[in-house]
Structures are given as C-alpha cells and as structure tokens.
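In mature numbering (1 follows the signal peptide of the UniProt record, and there is no 0), the protein residues as written are -40 to -1, 1 to 189.
Following this line, the structure appears as structure tokens:
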C-alpha cells in the first residue's frame, strides 16, 4: 500500500510543498494545483475474508498426475479440526474400493473405512491441520464473476505467491459473499498437483456422529489400505 505521507504538507527530506498555481480568467479564480485532504487517502488494501468454520457439501478432487477424479461428500469442522470424507460411487468400476475417511487432527489420527466390508485402518497423521480458508498472509490475485449475465457470482482469487518466488504452491478461489470455498489447487514438490472443486455447501454439521469411527476401528490395522484390488 502506498504511503499517504507523500500527500502531506511536508515532503520527505524536509522540503515544503510549493504554493498552488492559480489563474484568474474572466474574473473567475482557478486553482490548478490546490491540494485537497481527500488526496491523502490511499486505497484500502484487500484483505482475506473469513471462511465458515463448519459446513457440509460435496467435492471433486482432480489429481493432475494420475488424471483421476474423486467425488465425495464432505463434513468439515474447522472448530475442532475434524474432516470426514465419504467417497461417492459413480457407476460400477471394476476392482475399485471406496472408502470413508475420518481425520481427527487434534488426535493426529486418520481412520480409513472400506465401505463394503467395514475394514478399518488407523494411520498417524504427520501433517498439521490445514483449514479450508484464506491464510492472512495470502497474496490477492484477482476478483471476477463466475457464470454469465443474470446467473453469476463474484469470487476472489488468492495464492501463497511471494515477490521472491514467481510460482505458487496454493491457489484458492472463494466467494466474496459468505466466503465459501469454490476451488483450491495445491502443488507439492512441483510434481503432485491436486485441484479441488466445492459445491452444494450448507452451513453447519447435521450429524456430528459422522466424526466417530465405527466399532470395527477398535481392531484397526496400522497400514493404509489400497483402493485397488
């Protein structure tokens, strides 16, 4: 943000502002360089909005390295750092397993439940909680409309790009109204990139019990299951 001191009556270095240049034309006084206090007001910087802490909805995660789309129903509890993902079946896919995932970041564990057999894996989480929101130190990229005339919504695009780094590892698109996530793109080690689209979002958690692992997880194995035969 540009400093408003440039518009002060005394410039940097101690020199004073030159007197205003005026003209008298036809008995009317014109001030050409008169300064108004409103000129000292700088544009307010764009700051990230605050995303909802609890919501339910659906997502599609696209893995750019494999070309695979994974659809799921999601329950998000930012207040308690919990996430439940239920993979959706879209037709019969030979030799494909579908899972339910329960992430409990305060306990640093993730439960993976096979939807048919209810077999359960309990895996230690090594990565910290990463909420669906816009970090306060994010870089504002753009603001635009999604959709067309009469059926559009305004969104803002943010990233973790910094002046010293040309590329970004995260780009997030959020609605201006209510700050709902629309899309997030992550890049890890410049090789693994995932894009997540969010839709059908509703505020709140209708059934908090979805974050409680089933009884089969009492004898859970410590190794994550494969999603293929």
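Glycine residues also receive a C-beta, built at the ideal position from the N, C-alpha and C atoms.
Identify the residues that DSSP records as bridge partners of residue i: which are they?
i	result
residue 185	Bridge partners of residue 185: none, in fact.
residue 57	Per DSSP, none; premise fails for residue 57.
residue 158	19
residue 163	15
residue 64	42 and 69
residue 143	133 and 157
residue 152	148
residue 117	102 and 133
Since residue i contacts residue j with CB under 8 Å, what's their CB separation in whole angstroms?
i	j	result
residue 153	residue 24	4 Å
residue 134	residue 141	6 Å
residue 162	residue 15	6 Å
residue 61	residue 72	6 Å
residue 13	residue 185	So it is not a contact: roughly 30 Å between Cβ atoms.
residue 182	residue 82	6 Å
State the Cα-Cα distance for the pair residue i and residue j, rounded to the nearest angstrom.
i	j	result
residue 30	residue 55	15 Å
residue 6	residue 116	10 Å
residue 187	residue 45	15 Å
residue 39	residue 170	15 Å
residue 36	residue 110	31 Å
residue 126	residue 96	19 Å
residue 69	residue 176	16 Å
residue 34	residue 18	6 Å
residue 58	residue 52	11 Å
residue 106	residue 48	26 Å
residue 32	residue 4	39 Å
residue 113	residue 94	18 Å
residue -38	residue 174	Here the model assigns residue -38 a pLDDT of 40, short of 50, so the residue's position is not dependable and the matter cannot be decided.
residue 28	residue 22	6 Å
residue 147	residue 77	34 Å
residue 90	residue 63	11 Å
residue 108	residue 160	19 Å
residue 121	residue 179	44 Å
Go ahead and label residue i buried or exposed: buried means 16 or more other beta carbons lie within 10 angstroms of its beta carbon, across all protein chains shown.
i	result
residue 119	buried
residue 87	exposed
residue -11	Bear in mind that a pLDDT of 44 at residue -11, under 50, signals an unreliable position, so the number given afterwards is only what the model happens to contain. Classification of residue -11: exposed, given that the 10 Å Cβ count is below 16.
residue 143	buried
residue 158	buried
residue 132	buried
residue 165	buried
residue 98	buried
residue 150	exposed
residue 104	exposed
Can you check the region 70 to 113 for any beta strand (DSSP E) of at least 3 residues that lies completely inside it and give the ranges in chain order? 80 to 84 and 99 to 108
Inside the region 22 to 47 only - beta strand (DSSP E) runs reaching at least 3 residues: 28 to 37 and 42 to 47
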